[in-house]
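In UniProt numbering, the protein residues as written are 1 to 1150.
As structure tokens, the structure follows; a few thoughts come after it.
Rendered as structure tokens:
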């Protein structure tokens, strides 16, 4: 025994055991030692008492011993081909039980031949070094048939073994094996197996082994090996830093990230056009080949400006490599057919290799062998630099003929040779990275295109580096990014935002290198610059490896299915809710009868979008059919673990073991498929059509009401010969507004063109299912399947289309309150027909408008004649009425313009939209302005008459006329101010029917227009208030003024003439001024139809009773025609003025 770091033994234990082949030490220091060869037993040395006791009876030597976490002792008996075990917790030493093997040596899955080293993990799975069968077998708990996880007959290519004799699993479940007859120790990692020590053939040198038997790790990762034939124990130190190479191989944490925004370290003015070669040495010196100026630019650590520029007679170098002593190997094959070496000590160049083309990659391995990748010759060649005379080149990889086979390359570029002399080649035109193990001519695809293992999609990889843990980093040239692998697979590191010249973008990066801080320097070829991306350090957290929770289930033919990669293959899956009690790092391990593929999602999993919310995923990389996920889980977040398989439609049992900081709770989410209904339907040419998603016209559709008996989660999916779309609506479905009430939709994406809807349905709610197609005018049969907790049914549903909605193609408008002339006449007018061919109602309306215009014109002319006389303008009333005569003419003129604009633009469907927009925006507000102005001018007349009665002899005529002038100027602006919102919200609504869906076959343009006001509720309330104000306001003023004139005049007369009482004076005043009461009432009655029409819903079907709406609309325009009758005829003064003016005009007329 040696205590830590002691050179000499600190204790030597002697006992009665003979020729022991194995031992095992438990945590309390007790030692289990083989004593089976002569004594047929396993002994235990008890550290506390320093005594030996027999704990197991065996028939032969134990070539491997192990005590698992349940205190079960295992012994591998080589010559019986068996591993036996017994519990150490039994009070009485019982008989041994068989853990693996049949007692008859053999090579089948339930047999062993010469088993030696053994290992039992925390899941109680047993790993056996099956020596004579040249393999490592895994016997899962309770299974008698083993799975080959390394060596001969393994499920996936792993590594060739010869006599494996010892085995250890690390905490990440990576396998380490003593390969005795190959005289080496090998280990597995993310990229498969590799040689760790003894990689240079058998022998007695410090880097060699001779038939090693077993090994073990200390807490620091150093390895101790029993080197049997060399009669020694060898210690191999774990290299904490990179191997003694000229370049830096960093070791990154699994949580490491980089700043996505790069810093331009050197631009075109320094490195020239299209840089391809960059190298960073271990002393942080940066070397860049300037192909434009044929120089090598050097930067010392952190210097912004070059510290040295080396000139030489090389031409357009594509690559360079720097050795530990500072010598530079530079490509000069383009014109001079050679590789040159710049000797740092002498500052001179020498030729070290002859080539017949450019070297697009250069590398010098630990044995001083120079490699050159020749793109044009599809080959990598090498030459030893230790030879005194420059010899011929040797082929390292490739046949010289471009191709995709394992022994071929096509346009190789960057290369990398690790300490095991394994060669990695960036095989550009094959979009892959090939690994050529030492001495092998056939390569293994470790990244990119691969027939059976998915890694990452590459497009012309051009640069490649391995870090200290053999993780792969690649310049993915035509994807304009740098990618890297780690425990969780490949991911994009920098340049992840597409091609470009921004700081977070690259354009055809050619090569890259790491500095000692882990920063990446990239030769950004087509951006003519060197970019530096900083490594953002994160603390690596070690996860606790103790088993905390297990979950077992199985995938069956009734499991839910989805398209895992949104391709054609279907996969069974099970979704499991994961809730952790305490935040921290957790490790998931999955094994079983399936080849597992697992994914972790944040909050929820959508099988129709398997990328959404995805946090991490993994599948069985190695042949032990083990899935591994290491991830940080937050206690405040619900996670979903989705278990599926690597191959399509695979079924079988699986088991999940999770370890971490605390207890983990599992809850199954997905339920087996339980089909409750299969409903068949057919879309025909007679099926209704609509604009699907407001994009695709003439899509036939069918609407079905879903009747739910039990609230719960349901799945609805389709099967048909055409691509199907499915939509679920709540309460109702409007084909003109397909986004309204929509709950869920699916367009068949990631489900082979068939919709699949997963939704929670309540039995108290009405749901509508709409089934349609991807493309227009598609018909055919469909089947709708529904799975859920209870019976459901479907029945046809007919959506109700409101007449309040106008439009088509999802371009719709919901009409509010207020009928316009457009609304009244729209359905009656027939496009592209002359007036003579229109309906009788239209022709009668046209005649009435002309009659009304003539009547209004006569009224205005007569009124103008009257009030233009100077006697009529002695006070403000005359001026108001003169202005009213003008506005009434303008109002009736705008009315006829409005009518004929509506008629002619509807008849002529090809009217310019600019004309329609202009008319829509201006005619109605101007018409209202003149109507309201006319009403308020009449109210002003009434007010002035009341003031005249009130003032009596003190009435000031000049002041009256002055006020009238100002009022006439200001009043139109005040009224226009109340109508300004119409200009802002009034617009032309244009919509087009789908081809073949025209409302009228005589409208070939399929274009429909409507002048609308798109008011919000608050603006609509304001508009209604304005309407009442302008219609009711003048009436109230007229009525109150008339009453004041009657009663005020009566009061004045009763004071002057006492022979009559007040009532008699009132009656006399009423007889004298009754027209002042009658006039506003008549005007109000005539205006009421306009008020009613303005308050009616815009979706009233006017075509059913056209004149019920059109008649009142015409009547509402009669007040402007009655000024002469209302104000002139009853007044002796105005009639006198009219006669005088009329006579004057007659005298002037010849």
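Built from N, CA and C at the ideal position, the CB exists for glycine as well.
Going by other Cβ atoms of all chains shown within 10 Å of its Cβ, with 16 needed for buried, is residue i buried or exposed?
i	result
residue 393	buried
residue 203	exposed
residue 340	buried
residue 1000	Here residue 1000 scores only 40 on pLDDT, less than 50, and its place in the model should not be relied on; the value that follows carries that caveat. Exposed, since its Cβ has fewer than 16 Cβ neighbours within 10 Å.
residue 867	buried
residue 653	exposed
residue 81	buried
residue 757	buried
residue 788	buried
residue 768	buried
residue 234	buried
residue 2	exposed
residue 1135	exposed
I'd like to know whether the C-beta atoms of residue i and residue j end up nearer to each other than 8 Å.
i	j	result
residue 860	residue 881	no
residue 272	residue 291	yes
residue 921	residue 986	yes
residue 449	residue 431	yes
residue 58	residue 40	yes
residue 278	residue 296	no
residue 178	residue 213	yes
residue 460	residue 429	yes
residue 466	residue 416	yes
residue 173	residue 628	yes
residue 656	residue 588	yes
residue 913	residue 829	no
residue 865	residue 1142	yes
Helix or strand or just coil, what does DSSP make of residue i?
i	result
residue 999	For residue 999, the pLDDT reaches just 39, beneath the cut-off of 50, and the residue's location in the model is therefore unreliable, although a value from the coordinates is still provided. In the structure shown, residue 999 sits in coil (DSSP, three-state: anything other than H, G, I, E or B).
residue 880	helix
residue 799	coil
residue 1034	helix
residue 771	strand
residue 480	coil
residue 490	strand
residue 723	coil
Residue i bridges to which residues according to DSSP?
i	result
residue 614	601
residue 374	379
residue 1012	987
residue 136	129 and 150
residue 75	65 and 84
residue 900	DSSP lists no partner for residue 900.
residue 655	552 and 591
residue 2	In DSSP, residue 2 forms no bridge with anything.
residue 206	Looking at the DSSP assignment, residue 206 forms no beta bridge with any residue, so it has no partner.
residue 577	640 and 667
residue 1135	Answer by DSSP bridge pairing: none, since residue 1135 is not bridged.
Over the uninterrupted alpha helix (DSSP H) stretch that includes residue i, give me the two end residues.
i	result
residue 268	268 to 271
residue 938	913 to 951
residue 1107	1106 to 1115
residue 973	957 to 978
residue 304	Careful: residue 304 lies outside any alpha helix (DSSP H) and carries neither H nor E.
residue 822	821 to 825
State the start and end residues of the unbroken beta strand (DSSP E) segment that holds residue i.
i	result
residue 194	192 to 197
residue 634	From DSSP, residue 634 is part of no beta strand (DSSP E); its letter is neither H nor E.
residue 796	792 to 796
residue 856	Looking at the DSSP string, residue 856 is not in any beta strand (DSSP E); the run it does join, the alpha helix (DSSP H), is 840 to 868.
residue 566	Where residue 566 is concerned, there is no enclosing beta strand (DSSP E), given that its DSSP letter is neither H nor E.
residue 702	696 to 708
residue 516	Run containing residue 516: none; DSSP gives neither H nor E here.
residue 342	338 to 343
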